[in-house]
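Heads up, the thing below is written out as structure tokens.
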Amino acid sequence: MRAIRRGARGAAVAEIRSILVVLELLEDLLPSDPSATDPEYDEDVERAVRAFQQSRGLTVDGSVGDETWRALDAARWRLGQRALFHTVADPYIGDDVRQLQERLLEMGYNPGRADGIYGGRTAHAVAQFQREVGLRPDGECGPATVGALRRLGRKVIGGRPQLLREAEAFRESGPTLLGKRIVIDPGHGGPDAGHVVPDGPLRWVEADLVYDLAARLEGRLAAAGMRVNLTRGPQPTSALSDRDRVQLANELGADLLISIHLDGHQSPAADGVATYHYGSVSGPTSVVGERLAGLVQREIVVRTGLRDCHTHAKTWELLRLTKMPAVRVDVGYLTSPGDRRQLIDPAFRDRVVEAIMAAVQRMYLPVEADVPTGSIDVSLLRALTGHAAPTA
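Letter by letter, the sequence shown follows residues 108 to 499 in the working numbering.
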């Protein structure tokens, strides 16, 4: 859909306003107000949309594009307002599904990540719960199941259930990179060039630079024993949506996904590197993804000297819908003269690749065998099978 912005009118604006009113982010129009039949996307609506985006870990731009619209549509539902069941072609999506998944996790069942999608794992977890409480185990969440969920207390204590499961799965996978599958996602591509910056007679394109980074990383990780896939080639004929990239990573059964982008801003003073993982202010967080984001961020800052813009939790679909820990790293601002001067240097891009490689290796090391940031000599990473990494 085309993004809806300030000044727009019509049925879509009325729907957006009604959801924001339900969420108590916007005051309702009075029936006597003549604009109530054709409301405008005004300053108040834009402010409310920004507040919603901020609270949900979305890109805060005040406009309603595809991802913000899907998040608004999901936010209108509360657990118990509708019956939920698994459908393959058109699954139920909403905050009520996420609330159900979080409740099941608290009670010791495993619906997978609390992503707000009523898939097969969620239906299976519901059926397990129903069987234990004496309900018909049909995997459908109707009034009787909701009532039983609300009556019973937590089973899992001493930590967030998803933290325990994700951390244990990583611990059991062992410290070696050999045989593990990683998907490297060069952002943009095809007709979507990303940020494009003229520089004298030259023209620097984000899609081209991030593909070069991804290709270098692919070769180095493959040499270290990993199975590596890229989400796109150097010149794709069509643009890939984030959902296309998620589907590829999920179908491959990847252990990790790393998406590489460059940032841009109207001010050339904006610079630095930032890394993002799945999570929000009040919702669930991928704790393994959060740790990977922290390692990637610190390694890049130490090895390149880029400004540290820190890690951030986001609910972008690329991070939320992947079944494996996923991060997105924005490796500097193409619009910053200083960052751009480094990014166009192949030797600098090699240092970025080395930083990401070191972060991936550290992800698989036991906590007691971790090493200081910047100390791994990635030239020696060759399918490690021990419990320590080579240090400089």
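Glycine included, every Cβ here is placed at the ideal spot set by N, Cα and C.
Bear in mind that the values here come from a model prediction, so they are computed numbers and not experimental data.
**Study point:** Nearest neighbour of Tyr216, chosen from Leu284, Val409 and Arg238 [CA to CA]
**Key:** For Tyr216, the closest alpha carbon among the candidates Leu284, Val409 and Arg238 is that of Arg238.
Exercise for review: With a 10 Å radius around its C-beta and 16 neighbouring C-beta atoms as the bar for buried, classify Leu56 as buried or exposed.
Suggested key: Since the first residue of the chain shown is 108 and the last is 499, residue 56 is not available in this structure.
**Study point:** Helix, strand or coil at Ile126 according to DSSP, with G and I counted as helix
**Key:** The DSSP-derived three-state label of Ile126 is helix.
Point to revise | Residue span of the alpha helix (DSSP H) that contains Trp311, given as start and end | key: Where Trp311 is concerned, there is no enclosing alpha helix (DSSP H), although the beta strand (DSSP E) it sits in stretches over Leu309 to Val312.
Practice item. Closer than 7 angstroms by C-beta to Leu337: which residues in its own chain qualify, once you throw out the five before and the five after it? Chain order, please. Key: Residues Ile291, Pro293, Ala321 and Glu325 of the same chain have their beta carbon placed closer than 7 angstroms to that of Leu337, with the five preceding and five following residues left out of the count.
Point to revise | Complete runs of the beta strand (DSSP E) confined to the segment 304-375 [at least 3 residues] | key: Segments of the beta strand (DSSP E) lying fully in the segment 304-375: 309-312, 334-337 and 363-370.
Exercise for review: Using DSSP bridges, identify the partner residues of Tyr216.
Suggested key: Assignment of beta-bridge partners to Tyr216 by DSSP yields no partner.
Check your understanding: Okay, do the segment 252-261 and the segment 297-317 touch, 3+ Cβ pairs below 8 angstroms being the bar?
Key -> Using a C-beta cut-off of 8 angstroms, the segment 252-261 makes no contact with the segment 297-317, since fewer than three inter-stretch Cβ pairs fall below that distance.
Review point. Which residues mark the beginning and the end of the alpha helix (DSSP H) in which Pro453 is found?
Key: Per DSSP, Pro453 is one residue of the alpha helix (DSSP H) stretching across Pro453 to Tyr471.
**Study point:** Of the residues Gln206, Thr194 and Leu363, the one placed nearest Lys287, counting alpha carbons only
**Key:** Nearest to Lys287 by alpha-carbon distance, out of Gln206, Thr194 and Leu363, is Leu363.
Check your understanding: Does DSSP put Ala221 in a helix, a strand or coil?
Key -> The three-state secondary structure of Ala221, taken from DSSP, is coil.
Exercise for review: Have a look at His92 and Thr422 and give me their C-alpha separation to the nearest angstrom.
Suggested key: Within the shown structure, residues of the chain are numbered from 108 to 499, placing residue 92 beyond reach of any answer.
Practice item. Drop a sphere of 10 angstroms on the beta-carbon of Ala376, count the other beta-carbons inside from all chains shown, and report buried for 16 or more, exposed for fewer. Key: So Ala376 counts as exposed.
Review point. The alpha helix (DSSP H) spanning His503 covers which residue range?
Key: This structure cannot settle anything about residue 503, because the visible part of the chain is limited to 108 through 499.
Check your understanding: For the candidate residues Val335, Val380, Ser366 and Pro444, whose alpha-carbon lies nearest to that of Ser348?
Key -> Of the candidates Val335, Val380, Ser366 and Pro444, the one whose C-alpha sits nearest the C-alpha of Ser348 is Ser366.
**Study point:** Sequence-distant residues of its chain with Cβ nearer than 6 angstroms to Pro343 (five each side left out)
**Key:** Excluding residues within five positions, the ones whose Cβ falls inside 6 angstroms are Gly296 and Gly297.
Check your understanding: Can you give the Cα-Cα distance for Ala119 and Asp484, rounded to whole angstroms?
Key -> Those two C-alpha atoms are separated by around 54 angstroms.
Check your understanding: In terms of residue numbering, what span does the alpha helix (DSSP H) encompassing Arg257 cover?
Key -> Pro250 to Arg258 is the extent of the alpha helix (DSSP H) around Arg257.
Exercise for review: Kindly give me the distance between the Cβ atoms of Leu191 and Leu207, rounded to whole angstroms, as I take these residues to be in contact under 8 angstroms.
Suggested key: About 7 angstroms; that satisfies the 8 angstroms criterion.
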